[in-house]
Amino acid sequence: MTVYLVGAGPGDPGLLTRRGEALLRRAEVVVYDRLVHPELLALAPPGALLVDAGKRPGEAHRQAWISEQLVAHGRRGALVVRLKGGDPYVLGRGGEEVEALQAAGVPVEVVPGVTSAVAGPELAGVPVTHRGLATSVTVVTGHVGEPSTPGGVDWSALAAAGGTLVVLMGVERRAEIAAALLAGGRDAQTPVAVVERAAGPRQRTQRTTLAGLGDLAVEAPAVIVVGPVAGLRLWSAEDRPLHGARVVLTRPEGRIGPLAEALAEYGAEVIGLPLQRIGPPADGGAALAARLGELPAFDWLAFTSVEAVEAVLSRVRDGRALAGPRLAVVGPASEAALARRFLVADLRPPAGAERASGLASAFPDPPGDRPGRVLFPRAAQARPELPDGLRAKGWEVVEVEAYRTEPVPLEDLPSKALEEARTADAVVLAAPSAVARYRELFGTEASPRVVCLGPTTAAAAADLGLAVQAVAARPEPAAVASALARALGRPLPAGPAPADPQ
Ligand code: SAH
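Residue numbering for the sequence shown follows my numbering, beginning at 34 and increasing consecutively.
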């Protein structure tokens with residue numbers, strides 16, 4: 034089998050190429066670098082062997098060991114992905130690894146990646162070339178060599194060449210590099226931009242001049258850009274409305290994804306903390322199955338959660354069984370869950386009234402000539418608003434337990450997420466049960482600002498003594514993002530919001 038050198042891109046997992054992702058999904062062995070995002074490793078199949086090849090300070094000699102690993106796994110026929118930060122051939126020693134594989138007769142292919150040398154400045158609002166400012170760009174290492182000639186690089190020649198200079202691995206020696214460029218004749222006022230942790234939610238850009246670079250406090254990893262373009266500030270990832278905000282999402286396992294992705298689009302760093310999980314009903318689903326056998330005897334099937342839709346549809350083998358009753362949903366999420374299975378909801382409360390009581394009001398009256406019947410598959414702990422409202426209108430409502438929401442025991446919660454949750458900027462609570470669990474674990478004094486989805490959740494939070502900073506009227510990502518922005522005191526600018534991912 035082949036060893037693939039795959040460029041992982043810089044800090045944002047979204048910048049992996051499609052070919053890189055396809056190979057990762059098939060990998061049997063992944064040998065990865067320190068700067069590779071953990072989310073990318075999660076793309077590998079569950080049984081894949083993950084080998085940490087990260088070089089830490091003082092471990093400079095691991096390169097031979099890495100090449101040996103690649104050769105050994107390649108020889109035994111495994112599909113190996115060698116996942117390297119940025120692009121494999123840009124100051125990443127990828128060339129040496131390919132030489133070692135070729136010398137050993139192991140087949141190898143290279144998949145290019147997005148290099149931090151270009152993407153780092155770009156995401157900070159700095160184009161590496163720009164009409165009238167720079168017609169060339171030089172990428173250089175600041176790492177090797179003696180301090181007097183850092184990198185064994187001819188810095189005077191680079192200074193004389195002009196254009197844009199992008200220095201990687203230059204944090205430690207930034208003062209010497211600046212001095213060498215000044216000695217080579219570059220102007221002391223040449224703009225410099227330093228981009229730390231580029232492409233990630235903690236990206237930070239500092240702007241200075243060549244004269245000021247040595248005194249700037251900088252943390253690795255960082256890209257240093259020198260040249261007139263560094264004085265530009267076009268769109269930067271740091272302009273996104275929630276950039277840098279650390280937000281805890283407490284939805285049940287499996288329900289965090291779409292909202293997390295959308296909040297990341299706004300620049301937030303999302304910490305998934307599934308306080309609850311969805312389990313089968315106490316009777317294992319026997320009552321639900323029996324009711325689903327009587328579907329033709331119901332006028333309506335009413336859903337107030339995505340979980341209920343999924344519990345029902347996972348038990349329906351032939352979609353035509355649903356041809357009889359009409360379908361009512363509480364809001365867009367359950368409507369979308371039906372739509373994914375090619376079912377169109379017949380009734381949804383008007384915008385702004387997307388809750389159980391709103392659904393009850395939106396229901397028509399029962400037929401006059403016979404009793405009207407509604408089947409309501411619901412959570413074990415469901416609230417009574419919908420059945421009470423429908424009964425008041427004269428409907429006969431059959432409630433059946435379709436699933437239950439269980440607290441995830443403390444010992445099963447990811448300890449890193451628990452720890453981060455204490456210091457995060459905000460937490461999003463999506464249901465009264467999540468409020469109760471959050472309160473139990475963190476008390477009322479936790480530092481994150483509390484954002485609730487919907488008035489019912491907000492009321493439950495207030496009842497338990499939590500200070501609620503903002504309420505999202507609707508569960509769509511755009512509404513949650515704007516509630517978060519309000520809670521964090523940085524309201525979203527006017528204009529179209531990023532599209533919600535489907
Ligand atoms: N092959 C990589 C570069 C490897 S050298 C690429 O194409 O991007 C490692 C250096 O790259 C770091 O010292 C730093 O200067 C830069 N770098 C990589 N990722 C970075 C990031 N997310 N933010 C800032 N600099 C980064």
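The beta-carbon is built from N, C-alpha and C at its ideal position, and this holds for glycine as well.
Inset, instruction - Return yes when the Cβ of P399 is within less than 8 Å of the Cβ of W428, no when it is not. - result: yes
Inset, instruction - Spell out the partners DSSP gives T171 in its beta bridges. - result: L198
Inset, instruction - Reducing DSSP to helix, strand and coil, say where Y471 ends up. - result: helix
Legend entry - Minimum C-alpha distance to L306 - residue among D272, A463 and P160: A463
Legend entry - Distance between beta carbons of P420 and V430, contact taken as under 8 Å: 4 Å
Legend entry - N-terminal and C-terminal residue of the alpha helix (DSSP H) that P549 is part of: Nothing can be reported for residue 549, as the shown portion of the chain is limited to 34 through 535.
Inset, instruction - May I have a chain-ordered list of the alpha helix (DSSP H) segments no shorter than 4 residues that lie completely inside the segment 228–271? - result: 243–246
Inset, instruction - For A193, collect the residues of the same chain with a Cβ closer than 7 Å to its Cβ; drop the 5 residues on either side in sequence, then sort them by chain order. - result: G217 and G218
Inset, instruction - Taking T438 as part of the beta strand (DSSP E), name the residues at either end of that continuous run. - result: E429 to P440
Inset, instruction - Starting from A42, follow its DSSP beta bridges and name the residues at the other end. - result: A small fix is needed here, since residue 42 is Gly in this sequence, not Ala. Paired residues: G119.
Inset, instruction - Tell whether a beta-carbon distance below 8 Å holds between L497 and R472. - result: yes
Inset, instruction - With DSSP as the reference, label G305 as helix, strand or coil. - result: strand
Legend entry - V377 classed as buried or exposed, judged by whether at least 16 other C-beta atoms fall within 10 angstroms: exposed
Legend entry - Length of the line joining the Cα atoms of A505 and P71: 30 Å
Inset, instruction - Please say whether V147 and G110 have beta carbons closer to each other than 8 Å? - result: no
Inset, instruction - Closer than 7 Å by C-beta to L360: which residues in its own chain qualify, once you throw out the five before and the five after it? Chain order, please. - result: L334, L371, L376, A378 and D379
Inset, instruction - Ignore the nearest five residues each way along the sequence and tell me which others in V104's own chain have a CB closer than 7 Å to its CB. - result: A133, L134, A137 and V139
Inset, instruction - Determine the DSSP secondary structure at R373, reduced to helix, strand or coil. - result: coil
Legend entry - Rounded C-alpha distance that separates D533 from L292: Any reading at D533 needs caution, since the residue's pLDDT is 49, under 50, leaving its predicted position unreliable; the model's value is listed next. Using only the alpha carbons, I get a separation of about 9 Å.
Inset, instruction - Report the rounded CA-to-CA distance for R115 versus V227, giving the unit in angstroms. - result: 28 Å
Legend entry - Minimum C-alpha distance to A213 - residue among V225, E130 and L191: L191
Inset, instruction - Could you please give me the residues that DSSP links to G569 through a beta bridge? - result: The structure shown does not extend to residue 569, since the chain is modelled only from 34 through 535, so no value can be given for it.
Legend entry - Inter-residue Cα distance where the pair is R67 and P440: 35 Å
Inset, instruction - Going by CA-CA distance only, name the one from V200, R507 and E252 that's closest to P383. - result: R507
Legend entry - the segment 309–316 touching the segment 389–396, judged by at least three CB pairs closer than 8 Å: no
Legend entry - Burial state of W98, where buried means 16 or more other Cβ atoms lie within 10 Å: exposed
Inset, instruction - Just the C-alpha distance for S169 and A157, rounded to the nearest angstrom, thanks. - result: 19 Å
Inset, instruction - Flag this pair as yes or no: are the beta carbons of I311 and E271 separated by less than 8 Å? - result: no
Legend entry - Reduced DSSP category for P329 - H, G, I as helix; E, B as strand; rest coil: helix
Inset, instruction - Assign P488 to one of three DSSP states: helix, strand, or coil. - result: helix
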